[in-house]
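**Student:** I have a structure here, written as structure tokens, and I will follow up with some questions on it.
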Amino acid sequence: MTRTLVSGGTLVSTTGATPTDVLIEGETVTALLAPGTGEEFSVDTRIDATGCYVLPGGVDVHTHMQMPFGGTEASDTFATGTRAAAFGGTTTIVDFAVQRTGEVVEESLAAWHAKAEGNCAIDYGFHVILGGVDEDSLKAMDSLVAHEGISSFKLFMAYPGVFHSDDGQILRAMQRATDNGATIMMHAENGTAIDVLVQQALAAGNTDPVFHGLTRPAALEGEAVNRAIALAEVAGDTPLYVVHVSSSPALDRIASARSEGRNVFAETCPQYLYLTLEDHLGAGGPGSFEGAKYACSTPLRSKHEPHARDLWKGLRTDDLAVVSTDHCPFCFNDQKQLGRGDFSRIPNGLGLVEHRMDLVHQGVVDGNLSLQRWVETCSTTPARMFGMYPRKGTVAPGSDADIVIYDPAATTTISAQTHHMNLDHSAFEGVTLQGRVRTVLSRGRTVVDRGTWSGREGHGRYVRRGLSQYLR
Ligand SMILES: NC(=O)NCCC(=O)O
Ligand SMILES: [Zn+2]
Ligand SMILES: [Zn+2]
Numbered sequence: 030m031t032r033t034l035v036s037g038g039t040l041v042s043t044t045g046a047t048p049t050d051v052l053i054e055g056e057t058v059t060a061l062l063a064p065g066t067g068e069e070f071s072v073d074t075r076i077d078a079t080g081c082y083v084l085p086g087g088v089d090v091h092t093h094m095q096m097p098f099g100g101t102e103a104s105d106t107f108a109t110g111t112r113a114a115a116f117g118g119t120t121t122i123v124d125f126a127v128q129r130t131g132e133v134v135e136e137s138l139a140a141w142h143a144k145a146e147g148n149c150a151i152d153y154g155f156h157v158i159l160g161g162v163d164e165d166s167l168k169a170m171d172s173l174v175a176h177e178g179i180s181s182f183k184l185f186m187a188y189p190g191v192f193h194s195d196d197g198q199i200l201r202a203m204q205r206a207t208d209n210g211a212t213i214m215m216h217a218e219n220g221t222a223i224d225v226l227v228q229q230a231l232a233a234g235n236t237d238p239v240f241h242g243l244t245r246p247a248a249l250e251g252e253a254v255n256r257a258i259a260l261a262e263v264a265g266d267t268p269l270y271v272v273h274v275s276s277s278p279a280l281d282r283i284a285s286a287r288s289e290g291r292n293v294f295a296e297t298c299p300q301y302l303y304l305t306l307e308d309h310l311g312a313g314g315p316g317s318f319e320g321a322k323y324a325c326s327t328p329l330r331s332k333h334e335p336h337a338r339d340l341w342k343g344l345r346t347d348d349l350a351v352v353s354t355d356h357c358p359f360c361f362n363d364q365k366q367l368g369r370g371d372f373s374r375i376p377n378g379l380g381l382v383e384h385r386m387d388l389v390h391q392g393v394v395d396g397n398l399s400l401q402r403w404v405e406t407c408s409t410t411p412a413r414m415f416g417m418y419p420r421k422g423t424v425a426p427g428s429d430a431d432i433v434i435y436d437p438a439a440t441t442t443i444s445a446q447t448h449h450m451n452l453d454h455s456a457f458e459g460v461t462l463q464g465r466v467r468t469v470l471s472r473g474r475t476v477v478d479r480g481t482w483s484g485r486e487g488h489g490r491y492v493r494r495g496l497s498q499y500l501r
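Under the numbering used here, the residue at position 457 of the sequence shown is numbered 486, and the numbers go up by one with no gaps.
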């Protein structure tokens, strides 16, 4: 079994930052050692982490590799997307297997396994999107939890006619989850009301990308979050995890439920912390299509309201427990063009799987978040929330040796010319961030070192997940 020693670095965890050497045997961390004491061990490889942070590999629990959506398919495959993730310091993703109405859940899951197996550069798990809640899919939930390592199911209050579930369906799925222990992930936007606003905007000739955001007001995110929380309460305090929270009204309702001790959890994504409706979705002004690059749902919010400030605060207080990316990339030169002349046809999604660790680290540099919270929101809590801890989300004896060596003194400049995602543009083009991923280990194997790839397609293994380890 090969032995690797990571020495000279500062181990960052949820509890602090301490100079520590890390001993790895094979795929597993076997010891944390006082600085310098690791030199006594005979090892095959020594990695000098002097001046760097050593942290558990990032865990991104919201990605959509090659997902069919909006008349096309997300442009990253499991091969390209997981490689890009690794370049950015993420060593585990949890993607979504999609059951569409009428499909057999187990068959949908098998189809997603077939897409991923043998192609991933890092470890991966699946949630299941339930596009059709009926007797069969409800039964399938039980067997997926018990036998397939799937412990979370995503439902949509948005996208009528595509993924939308009505309140009765949501309640039934939540009741089932209360019984089998699963977490319900919720895309919380009032889709039927949004559809009315969309039709009205188009009828008035308002077709630019900015209307994607203007027809999805924050109040309709807040309303849907409120309804989801009420339904989860009625269903018996089902663990509820609200995805891609983008606005203050949504966060307020989450915070209020949490203050009552409810099993309500939430994530936000980097785009909502940095990008805005006016400057990005509205880029180029009237008549411009540039903003299509930034069309995602929930949408970017107005810079004239304190959404981003509130989201950072939510991350500090744990009302937002996780930062994920909702990585769902579509190329501008062809895929996003589907919505030219009709914003409602722009494929929804941004490609960010490569930049989450750096973008949240910038929040540490800017004083918005502590170093420990960076690791907690990007690695430890997502691993716990979705039943992968302590195998993932920590550097400790017995855990998988998924490790990032991060240089806080270096910088990263984001560009489509240099990123590794299969995407012809970047939402953060030209932005320079403080901090840089130097070396990434996935289960003990160095996959990235100083920008050079040494990983392998198929190295990534399926992670069978347990129930949430983050309940209140
Ligand atoms: N979020 C988004 O715009 N695209 C991906 C699908 C989803 O998460 O709703
Ligand atoms: Zn969603
Ligand atoms: Zn998503």
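Each residue gets a CB set at the ideal place from its N, CA and C atoms; glycine is no exception.
State yes or no: is the C-beta of alanine 78 within less than 8 Å of the C-beta of glycine 37?
**Tutor:** Taking 8 Å as the Cβ cut-off, alanine 78 and glycine 37 qualify as a contacting pair.
**Student:** Could you tell me the boundaries of the alpha helix (DSSP H) in which glycine 197 lies?
**Tutor:** Per DSSP, glycine 197 belongs to the alpha helix (DSSP H) from 196-209.
**Student:** Distance, Cα to Cα, leucine 344 vs serine 288?
**Tutor:** Near 15 Å, if we compare the C-alpha coordinates of serine 288 and leucine 344.
**Student:** Any heavy atom of ligand 1 within a distance shorter than 7 Å of the CB on histidine 216?
**Tutor:** Histidine 216: yes, Cβ under 7 Å from ligand 1.
**Student:** Please report the straight-line C-alpha distance between leucine 159 and glutamine 366, rounded to a whole angstrom.
**Tutor:** Rounded to whole angstroms, leucine 159 to glutamine 366 spans 28 Å at the Cα level.
**Student:** Say yes only if the C-beta of histidine 336 is nearer than 7 Å to one or more non-hydrogen atoms of ligand 1, and no if none qualify.
**Tutor:** For ligand 1, not one heavy atom lies less than 7 Å from the Cβ of histidine 336.
**Student:** At which residues does the alpha helix (DSSP H) containing valine 225 begin and terminate?
**Tutor:** 220-232 is the span of the alpha helix (DSSP H), which, as asked, contains valine 225.
**Student:** Report yes if the C-beta of cysteine 509 is less than 7 Å from at least one heavy atom of ligand 1; otherwise report no.
**Tutor:** No answer is possible for residue 509: it lies beyond the span of the chain, which begins at 30 and ends at 501.
**Student:** Quick check: what's the CA-CA separation for glycine 210 versus proline 268?
**Tutor:** Using only the alpha carbons, I get a separation of about 8 Å.
**Student:** Keeping to the same chain, check which residues put their C-beta closer than 6 Å to that of alanine 337; ignore five residues upstream and five downstream.
**Tutor:** Counting only Cβ-Cβ distances below 6 Å, and skipping sequence neighbours, we find Leu302.
**Student:** Could you tell me if glutamine 229 is buried or exposed, where buried requires 16 or more neighbouring beta carbons within 10 angstroms of its beta carbon?
**Tutor:** Result: exposed.
**Student:** Return the chain-ordered ranges of every beta strand (DSSP E) run that is complete within the segment 265-299 and spans a minimum of 3 residues.
**Tutor:** Those beta strand (DSSP E) runs which fall completely within the segment 265-299 and span 3+ residues are 269-271 and 293-297.
**Student:** Bridge partners for serine 36 per DSSP, in chain order?
**Tutor:** Serine 36 pairs with Asp77.
**Student:** By Cβ distance, which residues of its chain are closer than 6 Å to alanine 439, with the 5 residues on each side in sequence left out?
**Tutor:** The residues are Arg465.
**Student:** Just confirm the distance between the C-beta atoms of leucine 306 and serine 331, as a whole number of angstroms; I'd bet it's less than 8 Å.
**Tutor:** About 5 Å; that satisfies the 8 Å criterion.
**Student:** Assuming alanine 279 and valine 271 make a contact with CB atoms under 8 Å, what is their CB distance in whole Å?
**Tutor:** With 8 Å as the limit, alanine 279 and valine 271 qualify as a contact, their Cβ atoms being about 7 Å apart.
**Student:** Less than 7 Å between the CB of valine 351 and some heavy atom of ligand 3, yes or no?
**Tutor:** No, Cβ of valine 351 sits at least 7 Å from all heavy atoms of ligand 3.
**Student:** For valine 263, count the other beta carbons within 10 Å of its own beta carbon; 16 or more makes it buried, fewer makes it exposed. Which is it?
**Tutor:** The residue is exposed, with fewer than 16 neighbouring Cβ atoms inside 10 Å.
**Student:** Does DSSP put threonine 111 in a helix, a strand or coil?
**Tutor:** DSSP places threonine 111 in helix when its eight states are reduced to three.
**Student:** According to DSSP, is leucine 452 part of a helix, a strand, or is it coil?
**Tutor:** Coil.
**Student:** Count the C-beta pairs between the segment 68-75 and the segment 86-104 that are closer than 8 Å, then say yes if the count reaches three, no if not.
**Tutor:** Cβ pair count under 8 Å is below three, so no.
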